[in-house]
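Student: Submitted below is the structure of interest, expressed as structure tokens.
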Amino acid sequence: FGMGCALDTLCGQAVGAGQLDLLGVYVQQSWIVCGAAAVALTPAYAFATPILGSLLRQPAAVAVAAGPYARWAIPRLLAHAANFPLQKFFQTQSRVWALTAITGAALAIHVALTYVAVNRLGYGLRGAAVAGNVSYWLIDAAQFAYLVSGRFPEAWMGFSVLAFRNLAAFVKISLVSAAMICLEFWYYAALLILVGLLKNGQLQLDIMSVCINYEFWTMMVALGFSEAVSVRVSNELGASRPKEAKFAVAMAAMTSALIGATFMAVFFIWRRGLPRLFSDDEEVVDGAARLGYLLAVTVFFSSIGPVLSGSRTPRRSMALINNLTWLLILCL
């Protein structure tokens, strides 16, 4: 995801400047970079059990359960490498309704496949991983078919050797983008690792997982605004209209803050009922309810953060420093 975010800036500014012929080249460069990153990350999936158990000192039950799931999910990792560049290609040209239709259809298929694999066939986590693999590759196939359908005559002119030119510069901006995104999201992983080291770590992980699921629900909305403002800002800057870019950021931040305040109120009011959507264990429900007030405040700020992050995509080095500072403060 982080490596693919380089296209937010590059494709967005190319569209704003009317240089649509560059989009296809950028997508192919991103496929190369993201594919290489996915292959490099594959060993971490293949050896998830010893990494979690021996290196990160997580509860044995968690490490043993996560290992097989991670290995079966390797095809999905490769699917992500193909998917993210395609998403950016369409989003920067405001072709979001096609993406929504494809994703909605894939979601329906995914729910059905997961139900059959997990509940009917009894394959458990392995079945869930395989269902995810199938769903994501279906999304990739549908998006690629849309790409080559002839609807983008100026932006997609087939595969080209130009994708290998200036690849080093593209890798550089991709690495900075990846570092920015990683620092923005790694504190969730850091929290889970630290919680797993506590006494009765498995229970604490269950509680924290419920809370993080809530926060991710709300962050999906914020990330949607982040993508929108990133595209709009890049388009306006590519067209040399900085005032319109600032206005887009302000409107997106205000809207996201309003939605974040609504989610915060929901968590304040139903902090005890919502955990039951994820668990019927009373200890887990009680623990999540006790964290309800803190979670509600966190949700509010998490709703604003991604939008501001999306608005600063042309200045990724500054965003990287900001996110690194936040991660260090959190760890302390």
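Numbering (UniProt numbering), first residue to last: 1 to 332.
Yeah, the Cβ is synthetic: ideal placement off N, Cα and C, and Gly gets one too.
Note that the coordinates shown come from a computational prediction; the quantities given were computed from them, not determined experimentally.
Which stretch, first to last residue, makes up the alpha helix (DSSP H) that contains residue 255?
Tutor: 242 to 269 is the extent of the alpha helix (DSSP H) around residue 255.
Student: Does the distance from the C-beta atom of residue 168 to that of residue 25 stay below 8 angstroms?
Tutor: Not closer than 8 angstroms, so no.
Student: Please report the residue range of the alpha helix (DSSP H) in which residue 25 lies.
Tutor: Unbroken alpha helix (DSSP H) run through residue 25: 21 to 46.
Student: Count the other CB atoms within 10 Å of the CB of residue 43; is the residue buried (16 or more) or exposed (fewer)?
Tutor: Classification for residue 43: exposed.
Student: By a C-beta neighbour count over all protein chains shown, 10 Å radius and 16 as the cutoff for buried, is residue 243 buried or exposed?
Tutor: Classification for residue 243: exposed.
Student: Using 8 angstroms as the cut-off, can you tell me whether the segment 2 to 13 makes contact with the segment 234 to 241, which would need three or more C-beta pairs spanning the two stretches below that distance?
Tutor: Touching, per the Cβ criterion.
Student: Taking contact to mean 3 or more Cβ pairs, one atom from each stretch, closer than 8 angstroms, check whether the segment 190 to 203 and the segment 33 to 50 are in contact.
Tutor: No contact exists between the segment 190 to 203 and the segment 33 to 50.
Student: Tell me which same chain residues have a C-beta within less than 6 angstroms of the C-beta of residue 123, skipping the five on either side of it?
Tutor: Counting only Cβ-Cβ distances below 6 angstroms, and skipping sequence neighbours, we find 117.
Student: Does DSSP put residue 54 in a helix, a strand or coil?
Tutor: Reduced to three states, the DSSP call for residue 54 is helix.
Student: Determine the contact status of residue 66 and residue 52, defining contact as a CB-CB distance below 8 angstroms.
Tutor: The answer is yes: Cβ separation under 8 angstroms.
Student: Taking residue 151 as the reference, which of 62, 291, 98 has the closest Cα?
Tutor: Checking every option, the nearest Cα to that of residue 151 belongs to 98.
Student: Exposed or buried, which one is residue 311 when buried takes at least 16 other CB atoms within 10 Å?
Tutor: Note that residue 311 scores a pLDDT of 48, beneath 50, so its modelled location is shaky; the value from the coordinates is reported in the next line. Classification for residue 311: buried.
Student: Residues in its own chain within less than 8 angstroms of residue 289 by CB, not counting five upstream and five downstream?
Tutor: Only 271, 272, 275 meet the Cβ criterion.
Student: Considering only their Cβ atoms, is the gap separating residue 210 from residue 303 smaller than 8 angstroms?
Tutor: Taking 8 angstroms as the Cβ cut-off, residue 303 and residue 210 do not qualify as a contacting pair.
Student: Taking the alpha helix (DSSP H) that residue 69 belongs to, which residues open and close that run?
Tutor: Residue 69 -> alpha helix (DSSP H) spans 60 to 72.
Student: Measuring alpha carbon to alpha carbon, tell me which of 205, 29, 277 ends up nearest residue 158.
Tutor: That would be 29, whose Cα lies nearest to the Cα of residue 158.
Student: Does the beta-carbon of residue 245 have 16 or more other beta-carbons within 10 angstroms, so that it is buried, or is it exposed?
Tutor: Under this definition residue 245 is a buried residue.
Student: In three-state terms, what does DSSP make of residue 123?
Tutor: If DSSP states are grouped into helix, strand and coil, residue 123 belongs with coil.
Student: Are there three or more Cβ pairs, one per stretch, closer than 8 angstroms when the segment 295 to 302 is compared with the segment 260 to 271?
Tutor: With a cut-off of 8 angstroms, the segment 260 to 271 and the segment 295 to 302 count as touching, because enough Cβ pairs lie within range.
Student: Which value, in whole angstroms, describes the spacing of the CA atoms of residue 240 and residue 85?
Tutor: C-alpha separation (whole angstroms): 25 angstroms.
Student: From residue 286 to residue 208, what does the alpha carbon distance come to, in whole angstroms?
Tutor: If you take the alpha carbons of residue 286 and residue 208, they lie about 12 angstroms apart.
Student: Just the Cα atoms here: how many angstroms apart are residue 258 and residue 121?
Tutor: Answer to the nearest angstrom: the Cα atoms are 44 angstroms apart.
Student: Check whether the Cβ atoms of residue 69 and residue 155 lie closer than 8 angstroms to each other.
Tutor: No; because the gap between Cβ atoms is not below 8 angstroms, this pair is not in contact.
Student: With a floor of 4 residues, list each alpha helix (DSSP H) that falls wholly inside the segment 70 to 155, ordered by position along the chain.
Tutor: Runs found: 74 to 91, 96 to 114, 124 to 147.
Student: Is it buried or exposed for residue 133, if we count other Cβ within 10 angstroms and need 16 for buried?
Tutor: So residue 133 ends up on the buried side.
Student: Specify, as a first and last residue, the run of the alpha helix (DSSP H) that residue 172 falls within.
Tutor: From DSSP, the alpha helix (DSSP H) with residue 172 extends over 167 to 196.
Student: Can you find the residues in the same chain that come closer than 6 angstroms, C-beta to C-beta, to residue 174, ignoring five residues on each side of it along the sequence?
Tutor: Excluding sequence neighbours, residue 174 sits near 3, 6, 33.
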